[in-house]
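See structure below.
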Amino acid sequence: MRQMRLRRLILLQVACALGLTAYLNLVKTSVERKTLQKAVRTDGNVGFGGKWSPPGRNLSSTSEKVAILVPFRDREEHLDIFLRHMHPFLQRQGIDYVIYVIEQHGGEPMFCKGLLYNVGYTEALKDDPTYDCFILHDVDLLPEDDRNLYTCSKSPLHLSVAIDKFDYNLPYTDLFGGVSAITKSHYRLLNGYSNLFCGWGGEDDDMSLRLKRHMLEISRPEKDVARYKMLPHNHTKENPQRYILLRHWLARAMTDGLKSLHTAGYNVTSTSHRELYTHILVNISKRG
Ligand code: NGS
């Protein structure tokens, strides 16, 4: 209490020196900072399984339901930072969301991100068929600006436009990797991701070609809003097959994806509701 009075007194003294406009700005900043601190502590409001809805939302509400899909393997320290950053961020935006972490285990040594997205999409819809929007999210990317809204639009959205690793510049126009938002119907129309890309690189470029095929243009928020910090990590093993796979993308686009998921050599080991996320554990057997 004493501290608050002291802070108000200091603010008033500064106000005399700076004038009324500057004083109002100072108060605004101080209020915003407090709101932020409060929001950072909202983890406690997250429902089991990493679910949250804006207060006052009821069953008849028409607001969009968003599933955040995060493919994952062996990056516990990233996941922890990611979850503690994302829950307050999404709640400040008033998004009705659930975070799904789709974890790979089993005999396949390479990380199969596209397949994990397809499994995440399918399992999330089993969990709740009313999702309208899917956010495809790397675990090592943290959004920096609350104005970068995690909702879907008519066109597929590429949200991670400006990453610190690339000096906040987009590396190339067709990039769809990192963080993207896509509606349920577009994801189905595109036949999801290819299941064949295991190891770093290419699965997002293959998806980008699928978008082109369906004349779906990638939309992007402004560069000064769509800013991300990338958590440091060792380079993931590259996929040596990626350029060969990309060369034949069109021949695979209709079949390889959601439609061939049942033959993709995986099974869901368990689905559990953890404190800050819904965990989908996926066994992927070694590819031929
Ligand atoms: C391209 C990769 C994409 C990747 C992008 C950015 O070269 O899959 O770099 O990567 N394409 C191929 O390898 C064919 S990043 O440094 O952000 O991980 O998304």
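Taking full-length UniProt numbering, the leading residue of the sequence shown gets 1, the next gets one more, and so forth.
Where a beta carbon is used, it is the ideal one built from N, C-alpha and C, also for glycine.
Proximity of M207 and D140 at Cβ, strictly below 8 angstroms
Sequence index remark: in the sequence shown, residue 207 carries index 207 (1-based). Sequence index remark: in the sequence shown, residue 140 carries index 140 (1-based). Cβ atoms of M207 and D140: not closer than 8 angstroms.
Could you tell me which of Y277, F197, N283 sits nearest to N45, measuring between CA atoms?
Numbered from 1 along the sequence shown, position 45 holds the residue referred to as residue 45. Ranking the options by Cα distance to N45, first place goes to Y277.
Buried versus exposed call for E238 [16 or more other C-beta atoms within 10 Å across all chains shown]:
Taking the sequence shown and counting its residues from 1, the one referred to as residue 238 is at position 238. Exposed: under 16 other Cβ atoms inside 10 Å.
Just checking, does the stretch 193 to 211 make contact with the stretch 233 to 250 on the three C-beta pairs under 8 angstroms criterion?
yes
So, at 6 angstroms on beta carbons, what are the nonlocal neighbours of R147 in its own chain, with the 5 sequence-adjacent residues on each side left out?
Walking along the sequence shown from the start, residue 147 turns up at place 147. V225, listed in sequence order.
Please report the straight-line C-alpha distance between P54 and T122, rounded to a whole angstrom.
Position 54 of the sequence shown holds residue 54. Position 122 of the sequence shown holds residue 122. So the alpha carbons of these two residues sit roughly 25 angstroms apart.
In chain order, each beta strand (DSSP E) run of at least 3 residues that lies wholly inside the stretch 133 to 157
133 to 137, 141 to 143
What would DSSP say about E103, mapped onto helix, strand or coil?
Indexing the sequence shown from 1 puts residue 103 at position 103. Correct three-state label for E103: strand.
As an exercise, report each continuous beta strand (DSSP E) stretch of at least 3 residues that is fully enclosed by the stretch 167 to 215, in chain order.
179 to 183
Shorter than 7 angstroms, the distance from the beta carbon of residue 290 to the closest heavy atom of the ligand NGS, or not?
Limits of the chain in this structure are 1 at one end and 288 at the other, which puts residue 290 out of reach.
Hey, would you say the C-beta of residue 289 is under 7 angstroms away from at least one heavy atom of the ligand NGS?
Missing from the structure shown is residue 289; the chain here goes from 1 to 288 and no further.
May I ask you to verify whether the stretch 209 to 217 touches the stretch 120 to 134, counting CB pairs closer than 8 angstroms and requiring at least 3?
no
Excluding the 5 residues flanking N283 on each side, which residues of the same chain have their C-beta closer than 7 angstroms to its C-beta?
Within the sequence shown, numbered from 1, the residue matching residue 283 stands at position 283. For N283, where only same-chain residues beyond five positions count, the Cβ hits under 7 angstroms are H105, G106, Y266, N267, T269.
Run through the DSSP bridge pairs and tell me what H262 is partnered with.
Position 262 of the sequence shown, counted from the start, is the residue given in the question as residue 262. Partner(s): none; H262 has no beta bridge.
How would you call F48, buried or exposed, if buried means at least 16 neighbouring beta carbons within 10 angstroms?
Here residue 48 refers to the residue found at position 48 when the sequence shown is read from its first residue. F48 is exposed by the Cβ-count criterion.
Which residues in the same chain as P143 place their Cβ atom closer than 7 angstroms to its Cβ, once the five residues preceding and following it in sequence are excluded?
Locating residue 143 in the sequence shown gives position 143, counting from the first residue. Same-chain partners within the cutoff: F89, Y228.
Using the C-alpha atoms, what's the distance from K184 back to K65?
As a first step, residue 65 is located in the sequence shown; it is residue number 65 there, counting from the start. As a first step, residue 184 is located in the sequence shown; it is residue number 184 there, counting from the start. Taking the straight line joining both Cα atoms gives about 10 angstroms.
DSSP bridge partner residues for R227 (one or two, in chain order)
Position 227 of the sequence shown, counted from the start, is the residue given in the question as residue 227. R227 pairs with A162.
When we look at the beta-carbon of M110 and count the other beta-carbons within 10 Å, is it buried (16 or more) or exposed?
Your numbering for residue 110 matches position 110 in the sequence shown. Classification for M110: buried.
When burial is assigned at 16 or more other CB atoms within 10 Å of the CB, is L250 buried or exposed?
Against the sequence shown, residue 250 aligns to sequence position 250. So L250 ends up on the exposed side.
C-beta atoms of L159 and S180 nearer than 8 angstroms:
One-based indexing of the sequence shown puts residue 159 at position 159. One-based indexing of the sequence shown puts residue 180 at position 180. Contact: yes.
What residue from S153, Q93, A264 has the CA that sits closest to S285's CA?
In the sequence shown, counting from the first residue as 1, residue 285 sits at position 285. Of S153, Q93, A264, the residue nearest in Cα terms is A264.
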